[in-house]
């Protein structure tokens with residue numbers, strides 16, 4: 320009996336202690352650095368209070384990055400969910416077991432690829448002069464098509480690559496979710512001559528509400544990790560049209576100015592915003 | 272077969288093509304010379320060359336990065352297992368009023384934007400003199416591997432039939448022996464999937480590696496992305512070869528990860 324009492328402590332306490340240290344030390348350090356005026360070039364720094372935060376809100380590039388990040392979240396999350404549900408239902412309706420297995424395997428590939436690789440694959444495909452995707456356009460119009468250099472289209476082109484990676488993966492999960500549902504209600508509806516789309520809109524999807532919302536939650540979190548994709552494909556450009564918050568924090572802290580403190584204040588704001596938003600969403604999901 | 276079914280199947284095949292075609296095109300590109308790559312009309316037939324692949328594999332920086340990637344990924348995955356598996360087992364088998372809080376805390380670690388942890392960590396590792404070292408990367412990644420291992424291993428342990436564990440107890444096994452000699456082996460198939468997931472996560476990681484390394488400890492994604500900056504023109508053939516080299520390990524784990532997903536989303540006999 321002794322052992323059964325000690326096991327949860329022995330197994331949990333060291334791991335949790337390490338996680339707390341690894342997570343909270345950088346967090347508090349970021350807060351500390353954000354209250355200074357540290358730069359990469361000079362070692363001297365001193366306390367400046369909330370100056371960095373006040374500067375941020377007057378910084379139009381920060382406001383732009385905030386807006387781009389919000390747009391990025393909305394576009395990628397909604398596109399992924401719509402595509403995944405559509406494709407998952409289509410696989411369930413039209414594919415036999417063999418085809419389903421084959422497609423499930425194929426559709427898993429894009430999400431496993433390093434984002435850097437996905438970005439390069441599609442960057443070349445989008446190449447205005449030599450790309451395979453832009454080839455039909457060139458053939459018909461005789462003009463080059465440069466989506467990644469267009470301020471209005473670049474964000475959508477990058478979002479398409481994100482959709483390519485995540486939409487197929489989620490479609491496989493949607494298929495598996497439908498497969499493990501109790502099939503009797505679907506059979507009953509079929510006997511009543513319900514059309515396939517009616518079965519899914521009125522029966523399957525409402526039954527899957529909870530797992531689908533959880534999937535959406537996962538995508539919301541993962542969409543924030545798109546730095547590599549944007550970095551390789553556009554570097555935030557053209558101009559600042561694809562510059563998300565992490566891109567801007569990176570360029571402030573590393574490329575342009577080495578303003579570590581300024582970048583840290585952005586990091587702190589992102590941390591607080593995401594932790595608060597996702598905690599609220601998660602608690603609501605649970606209840 | 273009705274018309275709508277034929278249509279639906281066509282769409283499915285088109286989608287499969289949308290996944291595979293860009294990848295095949297990249298593989299072809301790795302065997303092309305620049306004159307065959309940079310053509311206004313895409314070329315399907317060409318005289319293949321091994322130059323790109325030889326160039327990539329013979330570079331010192333690529334070899335160094337491969338070693339770094341393997342060492343860093345494997346070490347952080349192992350740390351994730353050693354610390355994550357016991358914790359996951361405790362959460363799965365010893366529910367208490369803390370269990371839910373712990374699960375949420377572990378999940379919430381994934382909420383943190385990577386750039387937000389990388390910036391302070393860079394300053395910390397600089398101060399400690401560990402910046403641009405494999406050790407600092409391994410420690411940083413351990414946060415990710417421990418938490419992902421806990422999350423993916425909990426369902427694995429929950430699926431171990433309780434009767435087996437109880438039978439072992441009746442046979443005189445202590446609580447620790449039940450974990451090491453019963454639960455771990457029985458759950459091992461699911462756990463290998465979790466291990467593969469956390470390996471792919473670290474192998475693919477870019478932003479933290481970009482910010483925490485400058486030369487010595489650079490990992491493969493960083494070196495691959497730098498290939499686009501050789502000289503004036505982007506060397507697309509070399510880049511394609513680097514992309515393939517970097518993508519191989521995750522793609523080789525495809526079968527394992529797919530069966531892990533299947534198990535995760537099958538009907539749970541214990542519930």
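Residue numbers (the working numbering), protein chains in the order written: chain A, 320 to 606; chain B, 272 to 542. Positions of the beta carbon are idealized from the N, C-alpha and C atoms, including for glycine. All figures in this text were calculated on a predicted structure; none of them were measured in a lab.
Residue i versus chain B: which residues are under 9 Å apart at the beta carbon?
i, result
"residue 593 of chain A", "382, 383, 384, 387"
"residue 375 of chain A", "What residue 375 of chain A touches in chain B: nothing, since even the nearest Cβ is about 14 Å away."
"residue 551 of chain A", "477, 496, 499"
Excluding sequence positions up to five away, which residues of its chain have a Cβ less than 8 Å from the Cβ of residue i?
i, result
"residue 528 of chain B", "464, 467, 468, 471"
"residue 442 of chain B", "none"
"residue 544 of chain B", "In the structure as shown, chain B begins at 272 and stops at 542. Residue 544 of chain B is therefore absent and cannot be evaluated."
"residue 463 of chain A", "447, 448, 453, 457"
Would you mind telling me which residues of chain A sit closer than 8 Å to residue i, beta carbon to beta carbon, in chain order?
i, result
"residue 342 of chain B", "The premise fails here: residue 342 of chain B is roughly 17 Å from chain A at the closest Cβ pair, so nothing lies under 8 Å."
"residue 471 of chain B", "431"
"residue 310 of chain B", "449"
"residue 360 of chain B", "330"
"residue 367 of chain B", "327"
Leaving aside the five residues before and after residue i along the sequence, list all residues of the same chain whose C-beta is less than 7 Å from its C-beta, in chain order.
i, result
"residue 342 of chain B", "405"
"residue 359 of chain A", "577, 579"
"residue 440 of chain B", "449"
"residue 551 of chain A", "435, 438, 439, 442"
"residue 337 of chain B", "491"
"residue 435 of chain B", "453, 457"
"residue 508 of chain A", "518, 522"
"residue 354 of chain B", "417"
For residue i, which residues from the same chain have a beta carbon less than 6 Å from its beta carbon, with the 5 sequence-adjacent residues on both sides left out?
i, result
"residue 297 of chain A", "Since the first and last residues shown for chain A are 320 and 606, residue 297 of chain A lies out of range."
"residue 481 of chain B", "493"
"residue 388 of chain A", "563, 564"
"residue 356 of chain B", "424"
"residue 589 of chain A", "564"
"residue 391 of chain A", "563"
"residue 567 of chain A", "384"
"residue 504 of chain A", "522"
Decide if residue i is buried, meaning its Cβ has at least 16 other Cβ atoms within 10 Å, or exposed.
i, result
"residue 542 of chain B", "The pLDDT assigned to residue 542 of chain B is 43, lower than 50, so where the model puts this residue is not dependable, and the model offers no usable value."
"residue 602 of chain A", "exposed"
"residue 352 of chain B", "buried"
"residue 434 of chain A", "buried"
"residue 328 of chain A", "exposed"
"residue 368 of chain B", "exposed"
"residue 354 of chain A", "buried"
"residue 401 of chain A", "exposed"
"residue 366 of chain A", "exposed"
"residue 438 of chain B", "exposed"
"residue 330 of chain A", "buried"
"residue 547 of chain A", "buried"
"residue 475 of chain B", "buried"
Please list the partners that residue i has in chain A, where partner means a Cβ-to-Cβ separation under 9 Å.
i, result
"residue 492 of chain B", "433, 434, 435, 436, 547"
"residue 528 of chain B", "427, 431"
"residue 313 of chain B", "449, 450, 451, 454"
"residue 430 of chain B", "In chain order: nothing, as chain A lies at least about 14 Å away."
"residue 375 of chain B", "598, 601, 602, 605"
For a contact defined as C-beta to C-beta under 7 Å, what are the partners of residue i on chain B?
i, result
"residue 323 of chain A", "446"
"residue 487 of chain A", "290"
"residue 562 of chain A", "None at all; the shortest Cβ gap to chain B is about 13 Å."
"residue 544 of chain A", "385"
Residues of chain A with CB under 7 Å from residue i, in chain order?
i, result
"residue 303 of chain B", "By Cβ distance, chain A contributes nothing, its closest Cβ being about 11 Å from residue 303 of chain B, past 7 Å."
"residue 507 of chain B", "443"
"residue 287 of chain B", "422, 425"
Please tell me whether, using a cut-off of 8 Å, the distance from the CB of residue i to the nearest non-hydrogen atom of the ligand NAP is below it.
i, result
"residue 424 of chain B", "You won't find the ligand NAP in this model; it holds no ligand whatsoever."
Identify the contact partners of residue i in chain B, using a Cβ-Cβ distance below 8 Å as the criterion.
i, result
"residue 573 of chain A", "482"
"residue 409 of chain A", "279, 282, 283"
Output yes if chain C places a C-beta closer than 9 Å to the C-beta of residue i; else output no.
i, result
"residue 590 of chain A", "Going by chain labels, chain C is absent from the structure shown, which instead holds the protein chains A and B."
### Query
Is the region 463 to 476 of chain A touching the region 412 to 424 of chain A, taking contact as three or more C-beta pairs under 8 Å?
No, they do not touch.
### Query
Just checking, does the region 403 to 419 of chain B make contact with the region 375 to 394 of chain A on the three C-beta pairs under 8 Å criterion?
Because the criterion of three Cβ pairs below 8 Å is not met, the region 403 to 419 of chain B and the region 375 to 394 of chain A do not touch.
### Message
Contact between the region 510 to 529 of chain A and the region 584 to 599 of chain A is defined here as three or more beta-carbon pairs at a separation below 8 Å; is this criterion met?
### Response
Flag = no, the region 510 to 529 of chain A and the region 584 to 599 of chain A do not touch.
### Message
Taking 8 Å as the cut-off, does the region 494 to 508 of chain A touch the region 582 to 594 of chain A (at least 3 CB pairs, one atom from each stretch)?
### Response
The region 582 to 594 of chain A vs the region 494 to 508 of chain A: no contact.
### Query
What are the complete alpha helix (DSSP H) segments, minimum 4 residues, inside the region 427 to 477 of chain B?
Whole alpha helix (DSSP H) segments, 4+ residues: 433 to 441, 446 to 449, 455 to 475.
### Query
At what residue ranges does the region 513 to 600 of chain A contain a whole run of the alpha helix (DSSP H), taking only runs of 4 or more?
You should have 515 to 518, 528 to 542, 546 to 552, 564 to 569.
### Message
Could you check whether the region 475 to 484 of chain A touches the region 517 to 524 of chain A, counting it as contact only if at least three pairs of C-beta atoms, one from each stretch, sit closer than 8 Å?
### Response
Remark: fewer than three beta-carbon pairs, one from each stretch, lie closer than 8 Å, so the region 475 to 484 of chain A and the region 517 to 524 of chain A are not flagged as touching.
### Segments of 4+ residues assigned as alpha helix (DSSP H) that fall wholly inside the region 359 to 395 of chain B
For the region 359 to 395 of chain B, whole alpha helix (DSSP H) runs of length 4 or above, ordered along the chain, are 370 to 379.
### Query
Do the region 367 to 385 of chain B and the region 510 to 529 of chain B make contact, defined as three or more Cβ pairs closer than 8 Å?
Result no; under three Cβ-Cβ pairs closer than 8 Å.
### Message
Which complete alpha helix (DSSP H) runs does the region 366 to 414 of chain A hold, if anything under 4 residues is left out?
### Response
Those alpha helix (DSSP H) runs which fall completely within the region 366 to 414 of chain A and span 4+ residues are 370 to 376, 379 to 413.
#### Entry: Any 3 or more C-beta pairs closer than 8 Å across the region 384 to 394 of chain B and the region 322 to 333 of chain B
Contact fails: fewer than three Cβ-Cβ distances are below 8 Å.
### Query
For the region 538 to 558 of chain A against the region 394 to 414 of chain A, are there 3 or more C-beta pairs whose distance is under 8 Å?
Yes, they touch.
### Task
Starting from the N-terminal side, write out each stretch of the alpha helix (DSSP H) that is 4 residues or longer and does not extend beyond the region 487 to 524 of chain B.
Listed in chain order, the complete alpha helix (DSSP H) runs (minimum 4 residues) inside the region 487 to 524 of chain B are 491 to 497, 507 to 523.
#### Entry: Every unbroken beta strand (DSSP E) within the region 479 to 507 of chain A, with a cutoff of 3 residues, ordered by chain
Runs of the beta strand (DSSP E) lying entirely within the region 479 to 507 of chain A and spanning at least 3 residues: none are present.
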